[in-house]
DNA sequence: TCAAAAGTGTTTGGGTTACACCCATGG
DNA sequence: CCATGGGTGTAACCCAAACACTTTTGA
C-alpha cells in the first residue's frame, strides 16, 4: 500500500490570527487595539494578532487562545470566529497573507497587559474608528464584521457566558446591551423577553440597592428553558 | 529607512478551499459531492476543493472561483464564505491543514462536469448525510454549517441572485424555500411577506398556466423596497 | 415628603397564522 | 360542472411598544 503522498509543491500563504476583543467601557462599545512600533503601518493602531504556529497550535481556535495569552497575557472567554480574509496585497511582509479573525466579548475589568511584541494596548470606541487616523491593514473592516456579529448575538439575547458580570440586575444587563447595540431598548420589553426566555435565574433574597432607589433583584445566567421565538433563526416562519 | 523585514521563519499550514454547492433537486436540498479515487479517504465522497494557489489567486474568494472552474467547469453564483477550519490532524497529507469553506446556492439545471482531478460528481440529499457511509475528512460538519447559513438566508427571504430561475411564480419560490428549510411554509404568509418586501416585481400580462388551474402571475426579483421588519437582524428590538 | 429606579397592568399596533371563500382554467 | 391550484378577505393570536401606575428605598 503506497504511503499517502505529501503532495505540497505549492508555496503556502502567510497565515495569521487577529483578535477583536470587545467590551463596554464608559457606556460605549470599545475595541482593544495594539500600537504598532514597526513597519508596516508604523505608529498606527491595529488589532492584536500573531502568526499561526503549526508546531504549537492544535487548531485555529487554539492558535487564537495562544495569541491572546502571548500578546495580552490573558485567557479570552467565548472566543468565536468571525471570518477569514486573504489576498495578495494585504500585508507587505509577505507576497500573500491571510488572517483568521476571532472575536471575544469581555468584561470591562479585563486586565490585558502588553505581552510579547506588544508595546501598548488601548481601548477605542468602535464608533470613532471611521474618524481620526485609520487602523493598520484592513483591520477597521474586520472590527466592523466582528461588531455586527456581536450585535446579532445580543439582539437575540444570546449572552455569551463569562461576559455578564454576575450577579446582575435587569437594568445592568439592559444598559450593557444598549451600549453594544448603540440604540436604546425598551425597559419593559427587555424585562419580559428575558423573563420569557427563562435564562435569568433570580437569586433568592439577594438584592442590589445602589442609591436612593428601590433595590433590584439579582440574577445569574442559566440555560434558556424555552426556545426564543424570534430573531434567533431557529424557528421557521 | 529599513526595508520591511519579511519575517516568515515559521512553516505555514496546508491551505485548501472547499466548496459546498447546494441545490434543490427532487424537492430536496442536495449537495454536490466529488468521488475520491485516491487516499486519504479513498472511495468515499467528499466536497470538491483544491489547494490555495498564491500565484494564481488574488484573494480567498478568487481561489474559490478558480477551484469551481477547475473542478466543476463552471462559474458559481452568490459565493459566500462559511468558515475556516484548521488543525493538526485534519488531513494526513500534511502535518497541519486548514480549509476555507465557501458555499453557493445554484439552480438545479447547473451543468457541473468533472474537471481536473475529479472523476465523478454526484448530488446527495443533505438529510441523508448522517446515514449511510460518512463523508471524507470533516466534510459532513462543513456541509451542515453551510446548510445552516443558507437556511437563515432563505428564512429571512434574502434570495441570492442567480438562484431563483426567473421568471417564477410565488408557489415555485415557496416550494423551493420549503425544500431548503425542510419545513412547510404558510402559503398566505409567504405571499404577504414577499409582497410587503417589494422584492418580487410582477411581469405585466405574463402568466404561467401549467394544468387545469388558474394561471399564476410571473415575477422577477428586484431590490427590497422596504427593510424587512423581522428576523433580518438589522432592526433593533 | 420627594426623587429615582424597580417592577407590574393595560392597551395599541404590526405581523403571523389559520380559515373561509372566490377566481380561473382544463378536463 | 368539477377538481385543482391561484389569490383575497377576515379574524384570532402573539409579541413588541408605549403608557400609566405602584413599590421601595435613601436623602
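Protein chains in written order, with the numbering used here: chain A, 48 to 284; chain B, 48 to 284.
C-beta atoms are modelled at their ideal positions from N, C-alpha and C, and glycine is treated no differently.
These numbers were taken from a predicted model, which means no experiment stands behind them.
Residue i vs residue j beta-carbon contact at 9 Å
{"i": "residue 212/A", "j": "residue 264/A", "result": "no"}
{"i": "residue 114/B", "j": "residue 93/B", "result": "no"}
{"i": "residue 107/A", "j": "residue 68/A", "result": "no"}
{"i": "residue 104/B", "j": "residue 130/A", "result": "no"}
{"i": "residue 40/B", "j": "residue 143/A", "result": "Chain B is shown from 48 up to 284; residue 40/B falls before or after that span and cannot be answered."}
{"i": "residue 248/A", "j": "residue 268/A", "result": "yes"}
{"i": "residue 123/A", "j": "residue 66/A", "result": "yes"}
{"i": "residue 161/A", "j": "residue 81/A", "result": "yes"}
{"i": "residue 99/B", "j": "residue 125/B", "result": "no"}
{"i": "residue 165/B", "j": "residue 95/B", "result": "yes"}
{"i": "residue 234/B", "j": "residue 221/B", "result": "yes"}
{"i": "residue 145/A", "j": "residue 215/A", "result": "no"}
{"i": "residue 147/B", "j": "residue 199/B", "result": "no"}
{"i": "residue 191/B", "j": "residue 168/B", "result": "no"}
{"i": "residue 232/B", "j": "residue 91/B", "result": "no"}
Start-to-end residues for the beta strand (DSSP E) that takes in residue i
{"i": "residue 182/B", "result": "Run containing residue 182/B: none; DSSP gives neither H nor E here."}
{"i": "residue 167/B", "result": "Note, residue 167/B: premise wrong, no beta strand (DSSP E); not H, not E."}
{"i": "residue 98/B", "result": "96–98"}
{"i": "residue 59/B", "result": "Here residue 59/B belongs to no beta strand (DSSP E), and DSSP marks it neither H nor E."}
{"i": "residue 253/A", "result": "247–255"}
{"i": "residue 75/B", "result": "75–82"}
{"i": "residue 152/B", "result": "144–152"}
{"i": "residue 129/B", "result": "127–134"}
{"i": "residue 266/B", "result": "263–268"}
Minimum Cβ-Cβ distance from residue i to chain B less than 9 Å
{"i": "residue 57/A", "result": "yes"}
{"i": "residue 283/A", "result": "In this prediction, residue 283/A scores a pLDDT of 45, lower than 50, which makes its location untrustworthy; no coordinate-derived value is stated."}
{"i": "residue 145/A", "result": "yes"}
{"i": "residue 245/A", "result": "no"}
{"i": "residue 49/A", "result": "The predicted model places residue 49/A with a pLDDT of 44, which falls under 50 and marks its position as unreliable; any figure quoted below should be read in that light. Yes, because at least one Cβ of chain B sits closer than 9 Å to the Cβ of residue 49/A."}
{"i": "residue 91/A", "result": "no"}
{"i": "residue 142/A", "result": "yes"}
{"i": "residue 184/A", "result": "no"}
{"i": "residue 194/A", "result": "no"}
{"i": "residue 271/A", "result": "no"}
{"i": "residue 60/A", "result": "yes"}
Boundaries (first-last residue) of the alpha helix (DSSP H) holding residue i
{"i": "residue 219/B", "result": "217–228"}
{"i": "residue 106/A", "result": "Residue 106/A -> no alpha helix (DSSP H), and no H or E assigned at all."}
{"i": "residue 240/B", "result": "234–244"}
Under 7 Å by beta carbon: chain A residues contacting residue i
{"i": "residue 106/B", "result": "133 and 134"}
{"i": "residue 130/B", "result": "128"}
{"i": "residue 98/B", "result": "57"}
Interface flag, residue i vs chain A, CB-CB below 9 Å
{"i": "residue 102/B", "result": "yes"}
{"i": "residue 206/B", "result": "no"}
{"i": "residue 241/B", "result": "no"}
{"i": "residue 52/B", "result": "Summary for residue 52/B: the model assigns pLDDT 45, below 50, so the residue's position carries little reliability; its value from the coordinates is reported in the next sentence. Closer than 9 Å to some Cβ of chain A, the Cβ of residue 52/B qualifies, so yes."}
Contact list for residue i against chain B, beta-carbon separation under 8 Å
{"i": "residue 66/A", "result": "Within 8 Å Cβ-Cβ: nothing; residue 66/A doesn't reach chain B, min ~15 Å."}
Residue i: CB within 8 Å of a non-hydrogen atom of the ligand FAD
{"i": "residue 113/B", "result": "Of the ligands one can find in the structure shown there are none, so the ligand FAD has no counterpart to examine."}
* **Contact the region 201–220 of chain B vs the region 181–191 of chain B: 3+ CB pairs below 8 Å** => These segments do not touch.
* To do: Count the CB pairs spanning the region 72–80 of chain B and the region 170–181 of chain B that are closer than 8 Å, and state whether there are at least three.
  => yes
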